[in-house]
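K.L.:
From first to last, the protein sequence lines stand for chains F and D. Every number in this note's numbering is 885 more than the matching position in the first sequence, counting from 1. Every number in this note's numbering is 123 more than the matching position in the second sequence, counting from 1. For each residue, glycine too, the CB sits at the ideal point set by N, CA and C.
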Amino acid sequence: MSEHLALIVDDHPTNRLIATTLLRKMGWQTHEADSGEAALELAARHDFRLVLLDISMPGLSGEETCERLRQQYAGRNIRIIAYTAHAFPEERASFLAVGFDDILVKPINREQLQALAQIP
Amino acid sequence: MKNRLPKFLHGIRGKLIAIFVLIKVVPLVLLAWFAWYTAQGLGDAVSQKAADMADTSLQTIQDIGKTVTEDSIKALDERSRDAIETLTTDAARNIARFLYARDADILQAADSDLSEAAFRRFLAQRKRTLYRHGPWRLAPDTKTWEPVEAVSLEAKRTRPILPDNARDFHLRPPEYLGEPEVTPLFVEMTYIDLAGNEKIKITQGDLTDKALKNVSDRRNTFVRAENYFAELKSLKPGEIYVSDVIGAYVRTDLIGPYIPERLEKIGLPFSPEKAAYAGTENPVGKRFRGIVRWATPVVRNGQVTGYVTLALDHDHIRQFTDRLMPTAERYTPIIDAIKGNYAFIWDHKSRSISHPRDYMIVGYDPETGHPVTPWLDTELYAEWQASGKPSHEFLADIPPFRDQRLTRKPAPEQIKAGTLGLDCRYLNFSPQCDGWNALTEHGGSGSFVIFFSGLWKLTTAAAIPYYTGQYGKTPQGFGFVTIGANVDDFHKAATDTAEKINTLVGEKDRQFKAQRSDLLEGIEQSLTTTAIGLWGSTVAMVVVVIFIAIWMANLLTARITSMIDGIRAFRDGDLRRRLDDSAKDEMGELAHSFNAMADSVEESFKRLEEAREKAEQASRAKSAFLATVSHELRTPLNGILGFADLLRSDLQSPEHLEYAKIIHQSGEHLLTLVSEILDLAKIEAGEMQFQQNEVPLHGFLENALAVHRSSAEAKGLTISLHLAADLPDYLKTDATRLRQIINNLLSNAVKFTQQGSIVLGARDEKEWIAIYVRDTGPGIAREDQEVIFEKFKQLENFLTREHGGTGLGLALVRQLVTHMGGQVSVESEPGQGATFTVLMPKKAQDE
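1) Which term fits D/H831, buried or exposed, when burial requires 16 or more other beta carbons within 10 angstroms of its beta carbon?
2) Is it the case that the region 170–179 of chain D contacts the region 625–642 of chain D, given that we only count it when at least three CB pairs across the two stretches are under 8 Å?
3) Kindly list, in the order they appear in chain F, the residues whose Cβ is closer than 7 Å to that of D/S789.
4) Mind checking the region 735–746 of chain D against chain F and listing, in chain order, the residues whose C-beta falls within less than 8 Å of any C-beta there?
5) Measuring CA to CA, which of D/Y254, D/R249, D/R251, D/E272 is closest to D/R260?
6) Classify D/W507 as buried or exposed, calling it buried when 16 or more other Cβ atoms lie within 10 Å of its own Cβ.
7) Considering only DSSP beta bridges, list what F/L925 is partnered with.
8) Tell me where the beta strand (DSSP E) around D/S950 begins and ends.
9) Between D/L774 and chain F, is any beta-carbon pair separated by less than 9 Å?
10) In chain F, which residues lie with their C-beta within 8 Å of the C-beta of D/T758?
11) Listing by chain order, which chain F residues have their CB less than 7 Å from the CB of D/L794?
12) If you drop the 5 nearest sequence neighbours on each side, which residues of the same chain put their C-beta closer than 7 Å to that of D/A162?
13) By the 10 Å Cβ neighbour count, where 16 or more other Cβ atoms means buried, how is D/S772 classified, buried or exposed?
14) Touch check for the region 464–478 of chain D and the region 359–378 of chain D: three-plus C-beta pairs under 8 Å?
15) Can you pull the chain D neighbours of F/T950, defined as C-beta to C-beta under 9 Å?
16) Using the beta-carbon of each residue, which ones in chain D are nearer than 8 Å to F/F980?
17) If you scan the region 775–809 of chain D from start to end, which runs of the alpha helix (DSSP H) of 4 or more residues do you find wholly inside it?
18) Find the residues of chain F that neighbour D/F766, judging by a C-beta separation of less than 9 Å, and give them in chain order.
19) With 9 Å set as the bound, which would you pick, yes or no: does the beta-carbon of D/K138 sit closer than that to a beta-carbon of chain F?
20) Runs of 4 residues minimum, wholly inside the region 465–497 of chain D: which ones carry the alpha helix (DSSP H) assignment?
21) How is D/Y314 classed by DSSP in three states: helix, strand or coil?
22) Out of D/H478, D/N337, D/D228, state which residue places its alpha-carbon closest to the alpha-carbon of D/V373.
23) According to DSSP, what are the bridge partners of D/P819?
24) Chain F beta carbons: is any one of them nearer than 9 Å to that of D/Q815?
25) Name, please, each residue of chain D whose Cβ falls closer than 9 Å to the Cβ of F/F985.
26) Quick check on D/T859: buried or exposed, where buried means 16 or more other Cβ atoms within 10 Å of its Cβ?
27) Under three-state DSSP, which class holds D/T751?
28) Pull up the distance between the alpha-carbon of D/E298 and that of D/E277, whole angstroms please.
29) Rounded to a whole number of angstroms, what is the C-alpha to C-alpha distance between F/K991 and D/Q946?
30) Could you check if D/P286 is buried or exposed, using at least 16 other CB atoms within 10 Å of its CB as the buried criterion?
31) Return the residue from the list D/Q878, D/L846, D/Q537, D/G900 that minimises the CA-CA distance to D/I892.
32) From D/M811 to D/D708, what does the alpha carbon distance come to, in whole angstroms?
33) Report the residue from D/A663, D/N867, D/V604, D/Y589 whose alpha carbon sits nearest the alpha carbon of D/T583.
34) Check the DSSP bridge columns for D/M963 and list the partner residues they point to.
35) Please identify the residue among D/L939, D/S951, D/N761, D/I218 whose C-alpha is closest to the C-alpha of D/R862.
36) Report back the beta-carbon spacing between D/A215 and D/A466 to the nearest angstrom; my notes put them in contact at under 8 Å.
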């Protein structure tokens, strides 16, 4: 079960809903969190294989959350993908630098998501 | 030109120091060098002069010494020669006078009574004092002979010498010639009749035979050698006959001192009494005894009745020379042959008749009456031996004085035989013989010097002017007296003086050398002192000058360097730094000007900084704004597009599906617009960053085309790629932006072309790569061709959708291409389609 467990973190319910819908269609079981803190809490209780993580959130930012998740999941198999409307190339480079595996730019594109979030 | 000066000279300080040193040190060193050079030159000159002076003085002294010595020697030699020559001639004259007195005797005898008594009376009246040395004996060491009683007369003085006479008051003792002995002159007096019979014969001493004999027979004469009777017969009354010296020869065992060890050496018994007398060499030897016979006719009543003869004792003749000494001694009681100072008498035939060594006086063999063979040289001796004749016969045919020279050697056989009579005519190893004859044969006298028997000898000769009888045949007369003298003895005083002078000169030489070396050393020392002082003070002054130079340079440059430090600090960012401009000189003015400039620079910097900060702030705000706008616009679009998409997959009704599709397309369009606006804004803000990638042109353009293939084909358009053959494989540029440019152009072409074809092409154009998109769309009016690249031109048609709306696509293309160093242009005629060409530089753009 846990092998298809994905976490969508976004303070914006619409964004969470689209991502959740699309991921479920692809066969993922999903949890949602509206903040970094909530995400870390959920991550402590579940064993996620995939995290779609928004960057601009009140409280813990996406980058900070990503770093902590990496610490929590040290040695475990997890893909953390930035789920963001920050589309400028320099921004993208900074996300990869803090530990994101890939970037999914909003507005979401089904083909792109399918390519990034293939169930292993 | 490069600066070749050493590093320390680059600064003013270094240059100042260098100039100081150059101006001060160089002349100083030159001065010191010149002084040193002069001092050295002076030292050298003084040394040279002093040395020369010393040498010259020494040379002068040496020269004077030498000249004085030589002159003295010469003077003394001449003086001595003169004295000895005088002595010789005096002796010769005395002999002649004595002989003439004997002429008177014989004439008187001829007139006397012819009786024994008268003869005795006559003889008794004719006596003369002879001086004889006392008894001698062999010295205890047997190497010399010595007098039994040595006689030495003192120069006695009993009265004081008057001051007037004191100078060179020279007193000699009484001359000691020996012990006086009154001796008869004649040893025999005879009266001979006309037949040669001795009628009366009175003898004195035992030399001659007392018996009366007939003298016409030689065998009845003295040593059987007299033949006077034959001569007498030819004498006229009053004429006088005088014979040669006749005596028995006395032989010797050896030449030189007759002492036991020498005889032992030749293996003969020591019997000095049997050998010939030889003065100090053998004072006890057998003496030569001879006679000289005078004769004259006895006339009675006008008739020659017979002859009277007188035989003179030869001792009286030799007495004239035997006591003579050619030295300061003047006279000697005994002759010392060894010393080479003695006198001789030679007869008219140049035969020795008086000699310190009796064995050298020629004599006769009493057995035969013939002369004993005189001493010959080896050559003549050999000739004689070869002739087989008796010597007197052999020698009668030999020319006298034949090739006499010192290199001839005496015959050793005769030395052994002990017959060494000197007959100058045949004494060919003694060239003096010839010399004496050369001096005397015409009655003269003189001298010469000869190296003989290892000594330089002055030898004099004087003819004896006695010309009676046979002696009147030549001017040489009776013969000649010779005196030999050791030359060195004459000038002993001079050589002594010379020795003294040489000692003095040597002393002086040493003194001069010492003085000279002292002087040179003094000069050297003084030069060293001078050098130390000169160079020491020069070095000290140089050091002082350098210190002063450095100090002055520091003083002069301190303000400049502090100014430089201040300026440097200001340049390095310390804009608050100001210079000390309190001084009222040019430097102060300079500092003041600098400070003013610094103030304005600081002010400018401040304003610049503020402006920069403002700009940065604005830029930051703009960037933040753009990012926020992008973010904020994309967030709702996420919902719109996301759900439109979901609807499209979930809705069944075609009508609803169409609505969802429109929503989606509108969202896509909005997204594109948003992206393009943001890109333009970003370019405007200078926020756009371009990458440099190696873009593989073929694959890249194929992919770019492939994106639009489906949409083009969906509209029934053909779309194709035209790549020139000479297209390079790679182009260095920003791949993302190039893709964006091509996408924009292609999507426009697809959008506006209703039928026909779309071509994406690329070709090489010198420094450019030309990428073009050609369509068969409606074309663009010429007046619109520039407008389409201007941004927002289409904004007014933004919502008209008349052309589907490109929004800001071409404006963005132009901005991107321009920022990538390229150009974009369009060729089109309305209704003829359009060709958009992008020229990208081959050469990579610098950021």
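P.N.:
Concretely, from the data shown:
1) For the purposes of this step, residue 831 of chain D is taken as the residue at position 708 of the second sequence. Buried.
2) With the cut-off at 8 Å, the region 625–642 of chain D and the region 170–179 of chain D touch.
3) As a working mapping, residue 789 of chain D is identified with position 666 in the second sequence. Correct list: empty, because the minimum Cβ distance to chain F is about 12 Å.
4) none
5) Counted from its first residue, the second sequence places residue 260 of chain D at position 137. Minimum Cα distance to D/R260 is reached at D/E272.
6) As a working note, residue 507 of chain D is residue 384 in the second sequence. Counting Cβ neighbours within 10 Å, D/W507 comes out buried, since at least 16 surround it.
7) Numbered from its first residue, the first sequence carries residue 925 of chain F at position 40. Per DSSP, none; premise fails for F/L925.
8) Stepping through the second sequence from its first residue, residue 950 of chain D is reached at position 827. Residue identity differs from the one stated: residue 950 of chain D is Glu in this sequence, not Ser. Unbroken beta strand (DSSP E) run through D/E950: 946–951.
9) Stepping through the second sequence from its first residue, residue 774 of chain D is reached at position 651. Answer no: the Cβ-Cβ gap between D/L774 and chain F never drops below 9 Å.
10) On the second sequence, position 635 is the one that residue 758 of chain D refers to. Result: H897, N900, A970, K991.
11) The count along the second sequence starts at 1 and reaches residue 794 of chain D at position 671. Per Cβ cutoff of 7 Å: P992.
12) Against the second sequence, residue 162 of chain D aligns to sequence position 39. Shown here for D/A162: same chain residues with a beta carbon closer than 7 Å to its own, the five before and five after excluded, namely L650, T653 in chain order.
13) For the purposes of this step, residue 772 of chain D is identified with residue 649 of the second sequence, where counting begins at 1. The residue is exposed, with fewer than 16 neighbouring Cβ atoms inside 10 Å.
14) yes
15) In the first sequence, counting from the first residue as 1, residue 950 of chain F sits at position 65. The premise fails here: F/T950 is roughly 17 Å from chain D at the closest Cβ pair, so nothing lies under 9 Å.
16) On the first sequence, residue 980 of chain F is found 95 positions in, with the first residue counted as 1. Neighbours of F/F980 on chain D: none; closest Cβ ~13 Å, over 8 Å.
17) 777–807
18) Numbered from 1 along the second sequence, position 643 holds the residue referred to as residue 766 of chain D. Here the neighbours are T899, L902, I903, T906.
19) Here the question's residue 138 of chain D lines up with position 15 in the second sequence. Chain F, which has no Cβ nearer than 9 Å to the Cβ of D/K138, makes this no.
20) Runs found: none.
21) Locating residue 314 of chain D in the second sequence gives position 191, counting from the first residue. Three-state result, D/Y314: strand.
22) For the purposes of this step, residue 373 of chain D is identified with residue 250 of the second sequence, where counting begins at 1. Checked all of D/H478, D/N337, D/D228; the closest Cα to D/V373 is D/H478.
23) Locating residue 819 of chain D in the second sequence gives position 696, where the first residue counts as 1. Paired residues: D/Y853.
24) Reading the second sequence from its first residue, position 692 is the one you call residue 815 of chain D. Closer than 9 Å: no.
25) Translated into positions along the first sequence, residue 985 of chain F becomes position 100. The contacting residues do not exist; F/F985 stays about 17 Å from chain D at best.
26) On the second sequence, position 736 is the one that residue 859 of chain D refers to. Flag for D/T859 reads exposed.
27) Reading the second sequence from its first residue, position 628 is the one you call residue 751 of chain D. D/T751: helix per DSSP, three-state reduction.
28) In the second sequence, the residue the question calls residue 298 of chain D occupies position 175. In the second sequence, the residue the question calls residue 277 of chain D occupies position 154. For D/E298 and D/E277, the distance between alpha carbons rounds to 10 Å.
29) Residue numbering aside, residue 991 of chain F sits at position 106 when the first sequence is read from its first letter. Residue numbering aside, residue 946 of chain D sits at position 823 when the second sequence is read from its first letter. About 33 Å.
30) For this step, residue 286 of chain D is matched to residue 163 along the second sequence. Burial call: exposed.
31) The residue you call residue 892 of chain D lines up with position 769 of the second sequence. Closest option to D/I892, Cα to Cα, is D/L846.
32) For the purposes of this step, residue 811 of chain D is identified with residue 688 of the second sequence, where counting begins at 1. For the purposes of this step, residue 708 of chain D is identified with residue 585 of the second sequence, where counting begins at 1. Rounded to the nearest angstrom, the two C-alpha atoms are 56 Å apart.
33) Locating residue 583 of chain D in the second sequence gives position 460, where the first residue counts as 1. Ranking D/A663, D/N867, D/V604, D/Y589 by Cα distance to D/T583 puts D/V604 first.
34) Position 840 of the second sequence, counted from the start, is the residue given in the question as residue 963 of chain D. DSSP lists D/I892 as partners of D/M963.
35) Taking the second sequence and counting its residues from 1, one reaches residue 862 of chain D at position 739. Looking at D/L939, D/S951, D/N761, D/I218, the one whose alpha-carbon comes closest to that of D/R862 is D/L939.
36) Residue numbering aside, residue 215 of chain D sits at position 92 when the second sequence is read from its first letter. Residue numbering aside, residue 466 of chain D sits at position 343 when the second sequence is read from its first letter. That pair is no contact at about 10 Å.
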